[in-house]
Amino acid sequence: MGESQAPRVLEDVLVIDLSEQVAGPYCTRLLAGLGAEVIKVERPGVGDVARRAEPLTPVESLECGALFQHLNASKKSLTLDLESPKGRDYLGRLTQQAQIVVESFAPGYLDVLGIGYSSLAQGNPGLVMTSISSFGQDGPYRDYAATDLTCVAAGGMLYLCGDPQREPLKIGGLQAEYLGGLNGAIATLAALWDAETSGKGQWIDVSIMESVVSALEGTTVAYSSGGEIRRRQGNRHGQACPTTILPCKDGYVGITFASDEDWNLFASMSNQKELLAPRHARGEDRLRFANEIEEILRMHFMERTREEVFHWAQELRLPFSMVLTPEELLNDPQHRARDFFTAVDHPVLGEVLQVGAPFVMGETPWRVGRAPLLGEHTEEVLRERLSLDEGEMWALRREGII
Amino acid sequence: MGTQARRNNLELTGIRVVDLTSMWAGPLCTRILADLGAEVIKIELRARPDGTRSNPGFFSWLNWNKLGITMDLSLDQSRECFKQLVARSDVVVENFSPRVMANFNLDYPALKEVKADIIMLSMPAYGSTGPYANYVAYGPGLEASSGLSALTGYRDGPPTLTGSAYGDPVAGLHGVVAVLGALRHRRRSGTGQWIDLSQREALSQMFGEAFVKAAKGIRELRSGNLRSDMSPHDCYRCRGEDRWIAIAVRTDEEWRRLCETMGCGWLADDPRYLTLEARKANQEQLDREIESWTRQMDAHEAVRLLQEARLAASVVNNARDLVEDTHLAERGFFQRGIDLEGRACDFPGLPWRASGASRNTGHPAPQLGEHNREVLGGLLGLSEAQIEELQGAMRWDSKR
Numbered sequence: 006m007g008e009s010q011a012p013r014v015l016e017d018v019l020v021i022d023l024s025e026q027v028a029g030p031y032c033t034r035l036l037a038g039l040g041a042e043v044i045k046v047e048r049p050g051v052g053d054v055a056r057r058a059e060p061l062t063p064v065e066s067l068e069c070g071a072l073f074q075h076l077n078a079s080k081k082s083l084t085l086d087l088e089s090p091k092g093r094d095y096l097g098r099l100t101q102q103a104q105i106v107v108e109s110f111a112p113g114y115l116d117v118l119g120i121g122y123s124s125l126a127q128g129n130p131g132l133v134m135t136s137i138s139s140f141g142q143d144g145p146y147r148d149y150a151a152t153d154l155t156c157v158a159a160g161g162m163l164y165l166c167g168d169p170q171r172e173p174l175k176i177g178g179l180q181a182e183y184l185g186g187l188n189g190a191i192a193t194l195a196a197l198w199d200a201e202t203s204g205k206g207q208w209i210d211v212s213i214m215e216s217v218v219s220a221l222e223g224t225t226v227a228y229s230s231g232g233e234i235r236r237r238q239g240n241r242h243g244q245a246c247p248t249t250i251l252p253c254k255d256g257y258v259g260i261t262f263a264s265d266e267d268w269n270l271f272a273s274m275s276n277q278k279e280l281l282a283p284r285h286a287r288g289e290d291r292l293r294f295a296n297e298i299e300e301i302l303r304m305h306f307m308e309r310t311r312e313e314v315f316h317w318a319q320e321l322r323l324p325f326s327m328v329l330t331p332e333e334l335l336n337d338p339q340h341r342a343r344d345f346f347t348a349v350d351h352p353v354l355g356e357v358l359q360v361g362a363p364f365v366m367g368e369t370p371w372r373v374g375r376a377p378l379l380g381e382h383t384e385e386v387l388r389e390r391l392s393l394d395e396g397e398m399w400a401l402r403r404e405g406i407i
Numbered sequence: 003m004g005t006q007a008r009r010n011n012l013e014l015t016g017i018r019v020v021d022l023t024s025m026w027a028g029p030l031c032t033r034i035l036a037d038l039g040a041e042v043i044k045i046e047l048r049a050r051p052d053g054t055r056s057n058p059g060f061f062s063w064l065n066w067n068k069l070g071i072t073m074d075l076s077l078d079q080s081r082e083c084f085k086q087l088v089a090r091s092d093v094v095v096e097n098f099s100p101r102v103m104a105n106f107n108l109d110y111p112a113l114k115e116v117k118a119d120i121i122m123l124s125m126p127a128y129g130s131t132g133p134y135a136n137y138v139a140y141g142p143g144l145e146a147s148s149g150l151s152a153l154t155g156y157r158d159g160p161p162t163l164t165g166s167a168y169g170d171p172v173a174g175l176h177g178v179v180a181v182l183g184a185l186r187h188r189r190r191s192g193t194g195q196w197i198d199l200s201q202r203e204a205l206s207q208m209f210g211e212a213f214v215k216a217a218k219g220i221r222e223l224r225s226g227n228l229r230s231d232m233s234p235h236d237c238y239r240c241r242g243e244d245r246w247i248a249i250a251v252r253t254d255e256e257w258r259r260l261c262e263t264m265g266c267g268w269l270a271d272d273p274r275y276l277t278l279e280a281r282k283a284n285q286e287q288l289d290r291e292i293e294s295w296t297r298q299m300d301a302h303e304a305v306r307l308l309q310e311a312r313l314a315a316s317v318v319n320n321a322r323d324l325v326e327d328t329h330l331a332e333r334g335f336f337q338r339g340i341d342l343e344g345r346a347c348d349f350p351g352l353p354w355r356a357s358g359a360s361r362n363t364g365h366p367a368p369q370l371g372e373h374n375r376e377v378l379g380g381l382l383g384l385s386e387a388q389i390e391e392l393q394g395a396m397r398w399d400s401k402r
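Residue numbers (my numbering), protein chains in the order written: chain A, 6 to 407; chain B, 3 to 402.
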């Protein structure tokens with residue numbers, strides 16, 4: 006593979022990943038990228054539900070999911086039936102070797118199986134176990150049914166997006182779940198740091214709903230201190246007017262004005278006399294005349310391309326942006342210069358794109374790899390980690406345990 | 003340092019962070035480090051303090067548990083002082099555009115000379131290399147340039163902003179992951195490092211599947227609240243002004259339960275809605291059927307009934323719903339504190355609980371320069387006269 010010899014942040018860390026779908030897998034995607042050996046435990050013959058979601062091929066299969074390919078990069082897949090006593094026994098032996106367990110089952114499920122935190126930590130007191138769930142491990146909503154949509158609703162993000170005259174609008178993708186996974190990674194790394202200091206592990210209880218609330222722009226703070234209930238603003242943002250997305254000759258541009266100085270600079274440099282009117286000079290006033298201002302800007306931008314507007318503004322240090330689609334971004338000059346996307350070979354799907362690291366660390370490279378086939382590493386893990394021989398594995402296979 | 007509560011069971015006790023960031027992404031990153039027990043020293047320019055100070059509640063939330071000092075890095079004396087501070091610190095976090103620290107002669111190579119194992123996190127909008135390195139963006143602009151806006155919007159509408167400046171918290175949270183990783187590497191190897199976090203690249207992680215699809219020629223269209231594998235899957239209007247609930251039905255069996263809960267069991271046998279494909283094909287009629295029930299219902303009552311039937315449903319919570327939410331209250335999620343002007347606020351806490359650690363949440367955000375004497379005198383050993391001189395040298399000092 007020609008992998009770099011430089012050390013990785015978590016290269017000596019073993020993570021047993023019992024999670025599926027999005028939140029838990031995003032948490033462990035980050036840990037795998039940082040170099041941990043992540044063993045993803047999946048149900049024999051079925052695997053992670055996300056394996057089939059958002060298919061990349063016309064024929065559905067266990068290896069077709071786009072979401073799965075992104076979220077499970079650089080992990081190993083072990084099939085193991087946790088509902089069988091033998092499967093649980095092997096899991097227990099594996100977690101004895103692990104520093105971290107991540108799971109996203111319904112709260113209480115692992116305890117019912119007898120493999121909750123207190124059992125897994127027996128004999129492995131430094132174990133960090135991270136449980137990610139929609140509402141947390143306790144409280145009145147603990148057992149509520151949820152999806153990403155109902156979690157962005159519960160967390161207050163849905164209410165803030167979209168047209169005030171229409172229904173609230175979901176942000177693209179599965180943001181509640183990703184936020185849960187991202188916070189899970191922070192909590193896990195903090196607990197690992199602590200365990201490596203004190204020798205004591207912890208059980209981490211991450212709430213996806215709370216992850217959404219804590220990503221809001223202080224809306225609950227504004228309500229509790231001043232009684233303000235922020236509402237949807239249409240395609241606008243906050244008080245820094247105009248902040249919006251407007252059409253131009255060949256697409257859309259995003260504009261923001263952080264200060265009145267920026268506005269005055271823009272107004273004078275764009276040769277739009279109307280914009281220089283004193284009634285537009287102050288942010289509060291621009292909010293009042295937002296429709297009028299946006300109309301003038303729309304006419305101005307419709308004569309120009311995205312690239313023209315973007316680069317012209319950036320030369321003036323104005324934080325404008327181009328609205329780009331994922332397919333356009335595959336050839337974005339900045340992404341290309343930073344090698345943000347790479348292609349990895351996949352035995353079933355051929356070339357699969359991998360999104361690069363969320364940050365570039367000078368000393369410890371990010372690990373780029375592909376997602377595993379279902380059960381691809383079962384034999385390797387059972388042989389190397391648990392010293393099972395061919396006969397034992399054959400028996401387990403026959404019993405449907407692996 | 004006496005002012006910050008020092009509890010033994012905070013993960014990052016003993017780690018010192020120098021924080022040059024302002025606005026949201028950077029301050030959130032260092033605030034979480036402070037919550038975890040790090041001592042965070044926030045540096046502001048007296049003439050141009052953090053822009054969020056004009057929004058006292060927001061500022062206070064993002065900067066609690068930090069110490070605040072003022073410095074003007076364009077002055078030689080301040081830079082000298084800053085270097086002394088770095089020499090006694092573990093982590094430096096900044097979110098200027100890349101040329102700023104280099105112009106101050108305070109980029110990573112310079113700081114490394116002062117403290118060999120320093121960890122430095124830079125978080126410019128587009129990253130520190132490449133043709134856009136010096137381009138600037140705020141949260142909403144990052145939504146557009148990352149591809150998120152193209153995926154957000156009503157089916158018949160334009161690309162749409164999230165209303166949450168979403169690029170900011172996402173960049174800040176990834177910054178915490180990076181710093182915690184770098185701290186571990188330093189403990190094992192003795193080596194610090196520089197981290198270049200492009201806020202756009204961080205945000206791109208959060209919908210990476212769209213790029214995987216795009217590379218295979220699969221184009222994702224804006225689809226409002228709809229989802230290909232669930233129906234119904236949308237927001238429905240309830241009684242009262244701007245009250246809504248979100249409902250997501252994952253199986254045909256759940257659809258039947260939804261019909262029964264709404265008191266219209268006959269709909270479950272209506273061939274127009276029998277299967278996922280049928281429901282998607284008749285989405286608009288279906289939504290009208292559901293809304294004719296929700297419109298008469300109180301949002302909270304409707305969700306209670308739906309959850310009793312084990313259906314995924316939630317009130318589309320607004321800020322008041324959240325502050326008054328019994329579940330969040332029972333979990334102790336909000337931290338009661340005061341803002342810069344002394345008003346009581348409910349600050350969102352960390353979204354996780356740890357069995358073995360408490361949270362450092364006792365200290366209100368610093369007033370501008372509140373800890374100058376303590377940090378410059380107590381930590382760096384400057385005399386009273388030197389502190390006065392340093393502060394006096396700052397331009398426009400009299401303005402405040």
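The C-beta atom is built at its ideal place from N, Cα and C for all residues, glycine as well.
In this structure the segment 215-228 of chain B does not lie against the segment 362-373 of chain A, because fewer than three pairs of beta carbons, one per stretch, are closer than 8 Å.
Taking the Cα positions, B:D78 is about 11 Å away from B:K85. Beta bridge pairing from DSSP links A:F346 with A:V360.
For B:L69, the secondary structure class from DSSP, reduced to helix, strand or coil, is strand. For the pair B:S91 and B:T296, the Cα-to-Cα distance works out to about 56 Å.
A Cβ-Cβ separation of about 16 Å leaves A:S216 out of contact with A:L165 under the 8 Å criterion.
A:E215 belongs to the set of residues whose beta carbon lies under 8 Å from a beta carbon in chain B. A check of alpha carbon separations from B:Y140 across B:R81, B:A152, B:S24 and B:D341 identifies B:S24 as the nearest. Excluding sequence positions up to five before and after A:L292, its CB lies within less than 8 Å of the CB of Q244 and C246, all in the same chain and listed in chain order.
Only those residues of the segment 232-243 of chain A whose C-beta falls short of 9 Å from the nearest C-beta of chain B are listed: G232, E233, I234, R235, R236, R237, Q238, G239, N240, R241, H242 and G243. Here B:D271 is exposed, its C-beta having fewer than 16 other C-beta atoms within 10 Å. In chain order, L15, V18 and V20 place their CB closer than 6 Å to the CB of A:A41, counting only its own chain and leaving out the 5 sequence neighbours on each side. Here B:R224 is near B:T154, since their CB atoms are less than 8 Å apart. Between B:W26 and B:P142, the C-beta gap is not smaller than 8 Å, which leaves the two residues out of contact.
Listed in chain order, the positions of the segment 188-199 of chain A with a beta carbon within less than 8 Å of a beta carbon of chain B are N188, G189, A190, I191, A192, L194, A195, A196, L197, W198 and D199. By the neighbour-count definition (other C-beta atoms within 10 Å, threshold 16), A:E299 is a buried residue.
Take A:W208, set aside five residues on each side of it, and the residues of its chain with a beta-carbon closer than 6 Å to its own are Y122 and M134, in chain order. In summary, the residues of the segment 293-324 of chain B whose CB is separated from some CB of chain A by less than 8 Å are Q309, R312, L313, A314, A315, S316, V317, V318, N319, N320, A321, R322, D323 and L324, in the order they occur in the chain. Look at A:E332: its C-beta is under 8 Å from a C-beta on chain B.
The contact set of A:C253 on chain B, defined by CB atoms closer than 7 Å, is empty, because the minimum CB distance reaches about 12 Å. For the set B:A321, B:H187 and B:G149, the Cα lying nearest the Cα of A:G177 is the one of B:G149. For B:Q195, the enclosing beta strand (DSSP E) stretches over residues Q195 to D198. Among the residues of the segment 232-246 of chain B, those with a Cβ less than 9 Å away from any Cβ of chain A are M232, H235, D236, C237, Y238, R239, D244 and W246, in the order of the chain. Under the Cβ criterion of 8 Å, B:N227 is counted among the residues facing chain A. In summary, the residues of the segment 343-373 of chain B whose CB is separated from some CB of chain A by less than 8 Å are R345, A346, C347, D348, F349, P350, G351, L352, P353, W354, R355, A356, S357, G358 and A359, in the order they occur in the chain. Chain B places a beta carbon closer than 8 Å to that of A:T369, counting this residue as a contact. For secondary structure counted as the beta strand (DSSP E) over 3 or more consecutive residues, the segment 74-140 of chain A holds these complete runs in sequence order: 81-84, 105-108 and 133-138. The segment 173-185 of chain B makes no contact with the segment 104-113 of chain B; the number of CB pairs closer than 8 Å stays below 3. In this structure, B:K68 lies away from B:P350, with their beta-carbon atoms at least 8 Å apart. Each residue's CA atom was taken as its position, placing A:N336 and A:A362 some 17 Å apart. At least one C-beta of chain B is nearer than 8 Å to the C-beta of A:P12. Comparing alpha-carbon positions, the option among A:K81, A:L334 and A:S326 lying closest to A:P30 turns out to be A:K81.
B:L87 and B:G174 have their alpha carbons spaced roughly 23 Å apart. The beta carbon of A:S273 lies closer than 7 Å to those of L281 in the same chain, with the five residues before and after it left out.
Not a single CB atom of chain B sits nearer than 8 Å to the CB of A:S124. Contacts between A:I250 and chain B, judged by CB atoms closer than 8 Å, involve A146, S151, P160, P161, T162 and L163 in chain order.
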